[in-house]
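Chain order of the listed sequences is C and E.
Add 215 to a position in the first sequence, counting from 1, and you land on the number used in our numbering.
Add 71 to a position in the second sequence, counting from 1, and you land on the number used in our numbering.
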Amino acid sequence: MALAAEAFMTQLAAAEPWPENAALYQQLKDEQILLSDNASSLAVQAFLQMCNLPVRVVCRANAEYMSPSGKVPFIHVGNQVVSELGPIVQFVKAKGHSLSDGLDEVQKAEMKAYMELVNNMLLTAELYLQWCDDVTVEEKQWEIRRKMKAIGWAGKSLEQVLEDVDQCCQALSQRLGTQPYFFNKQCKGLTFQYRRLVPKIRPTELDALVFGHLFTILTTQLTSDELSEKVKNYSNLIAFCRRIEQQYFEGHDKDSSSSATSRSAKRSLLR
Amino acid sequence: MAAPMELSCWGGGWGLPSVHPESLTVMAYAKFSGAPLTVNAINNCWRAPKGEVPILISEDTVISQPAKILNFLRKQKYNADYELSAKQGADTLAYIALLEEKLLPALLHTFWVEAENYCSVTKPWFASRIPFPLSLYLPGKMSREALNRILLTRGGPPLYSLTEVEAQIYRDAKECLNLLSKRLGTSQFFFGNRPSTLDAFVFGFLAPLYKVCFPRVQLQEHLKQLPNLCRFCDDILSCYFRLAVSGHSPAGQDTVDANLQKLTQLVNKESNLIEKMDDNLRKSPQHPPRKLTTLKLAAGGEESSPLNRLSP
């Protein structure tokens, strides 16, 4: 039955083009928002920017309760509400926009695998760090703790978690190499770069996801810097974040009332 | 050579050396990397396993969790990945994450949560291998932990019903199987001709799904429609686990004589080398390696005969 509902949703989505007033809802900034939720929100924003779909970011204290699945971020498009990056990618695809259509089957499999790596390692590590962080609100801590226990992370030491993060970053760094994006499939059209016309290369949802997490880790101040220090060891990852920030976020600040990138005090990646 | 290491894990059945995915992963890796392991299957005579199974004991060190055990084995120079490039190493991590996030929930569900499967197959099997009175308590605990894990990682807040979560995790698992099948293609292993860590993990997760006979089998049905994945499992079973336990007398098979096992491992290693040489010689379009496997499968039909265990 759930399959039929999904097919119906897809049909609804396909029916209308992307409206001008699409909105993305997330929690309020600063204390309320979890590091991991912030990263997820930024990933969705990056993805929509890459698809060239305008969206304004709205911060609400009760965003979680407004969401149909209880998860943030969620987008409100026309009269439909979709939450989390996975379903949002599907939704956007139904409207005829896709970043990964040009990939072959094996590349798509690889892309999905790397997205799971980010979810599995980075997202979980972010949750873990918040759990250890005293500033996190108590009820969130309890929720996080239950999840950590269920997946066997409760027994991990901070050192082990940081090692896992390092391993993940190493894998991402190796996969990225010296390329601009994780998958560099050439698309239709040319672009002007270094005084030449070169074939366009577009990012995929994997780039959006990795950017969301890495940028958030690099720019959010936790009680300790250990997490961001791990990421900083990989210069190509920092360059990657900078590149996406420049291409998709700078100059858009005036559109949204609360731009993601002008959020945290320690935002400069140029340290 | 260092003193042999001991692996405590769940035993086998249905033609598998172990029915437990994590145990199977470690056993497969040990075979691939040539690590000498004494496998001690947990049965009623054993002390209750402390901590998570599988557990590796080497001299005084005790290690649990497959990833850590594999790391340890690599440090002891039993490395199945040394030919992999950095990118392939990165891919390995990514695909393992895919398995854990997308396949594992449905696998846990099939074994531990699906009521018919749990009551008629899983619970009796595990209970018969756990000393009393733990046998009354432990399977139930494992079942609850499985459900918990599924709900906490895949279910949202109370807004999702269990049925919806179940539908989603099976959908994800089927998609994951499709992705794995596409990635494997017609290769023998995921990275060419030699099995590596990724092959161990994929085998560990897929083989139980493939072989264990459950009443509710939707995921197994899906897997059987992906012939390259089935062939992948069968190949590993026949090439690396010639001592594959037959379904007939699991209790007896589990307590294999350690010396016999060592001897068999040595013989198998020799046979593996010979086969690889054969493979290289026969490498031509007319003679795909598959042919060899088919022959071996046919020969290995009478598994219970002790003589056949020693013949290549």
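We treat Cβ as the ideally placed atom computed from N, Cα and C, and that holds for glycine.
Through-space distance from Gly82/E to Tyr281/E, alpha-carbon basis: 16 Å
Selection from Ser135/E, Leu87/E and Gln336/E that minimises the alpha carbon distance to Ser79/E: Ser135/E
Minimum Cβ-Cβ distance from Asn304/C to chain E less than 8 Å: A quick correction: the sequence has Val, not Asn, at residue 304/C. No, its Cβ sits nowhere closer than 8 Å to a Cβ of chain E.
Near the ligand ZN: Asn236/C beta-carbon under 7 Å from a heavy atom: This structure simply doesn't include the ligand ZN, nor any ligand for that matter.
Buried/exposed call for Met348/E, threshold 16 Cβ in 10 Å: exposed
Check whether Leu300/C and Ser251/C have beta carbons under 8 Å apart: no
Those runs of the beta strand (DSSP E) which lie wholly inside the segment 260–291 of chain C and span at least 3 residues: 271–274
Within 9 Å of chain E by C-beta, residues of the segment 330–356 of chain C in sequence order: Met330, Glu331, Leu332, Val333, Asn334, Asn335 and Met336
Alpha carbon of Ala198/E to alpha carbon of Val333/C, nearest angstrom: 37 Å
Interfacial residues, the segment 319–330 of chain C to chain E, with Cβ spacing under 8 Å: Glu320, Val321, Lys323, Ala324, Glu325, Lys327, Ala328 and Tyr329
Alpha-carbon to alpha-carbon, Thr339/C and Glu231/C: 36 Å
Contacts of Ala365/C in chain E (Cβ-Cβ under 7 Å): Asn219, Arg220, Leu223 and Thr224
Ser320/E, buried or exposed, once every other Cβ within 10 Å from all chains shown has been counted against 16: The pLDDT assigned to Ser320/E is 36, lower than 50, so where the model puts this residue is not dependable; a value taken from the coordinates is nonetheless given after this. Exposed is the call here.
C-alpha distance - Gly404/C paired with Arg411/C, whole-angstrom precision: 13 Å
Any 3 or more C-beta pairs closer than 8 Å across the segment 187–206 of chain E and the segment 254–273 of chain E: no
At least 3 beta-carbon pairs within less than 8 Å: the segment 163–174 of chain E vs the segment 315–329 of chain C: yes
The segment 412–429 of chain C contacting the segment 370–382 of chain C, beta-carbon criterion three pairs below 8 Å: no
Nearest to Ile459/C (by Cα), restricted to the options Glu279/C, Thr435/C, Asn253/C and Met265/C: Met265/C
Whether Tyr241/E touches Leu174/E by CB criterion (8 Å): no
Thr406/C, buried or exposed, once every other Cβ within 10 Å from all chains shown has been counted against 16: exposed
Coil, strand or helix - Val296/C by DSSP: strand
At least three beta-carbon pairs within less than 8 Å, the segment 385–404 of chain C to the segment 420–427 of chain C: yes
Listed by chain order, chain E residues near Gln389/C by CB distance under 8 Å: Ala157, Lys158, Gly160 and Ala161
Candidates Asn335/C, Cys347/C, Ser388/C and Glu353/C: closest to Thr224/E by CA position: Asn335/C
Interface partners of Tyr166/E on chain C, CB under 7 Å: Ala328
Residue-level contact to chain C via CB, Glu172/E, 8 Å cutoff: yes
Enclosing beta strand (DSSP E) for Met76/E [first to last residue]: Met76 to Cys80
Other residues of its chain near His291/C: CB distance less than 6 Å, five sequence neighbours each side excluded: Ala238
Integer Cβ distance of Thr431/C from Leu314/C, believed to fall under 8 Å: Between Leu314/C and Thr431/C the Cβ distance is about 20 Å, and since that is not below 8 Å, they are no contact.
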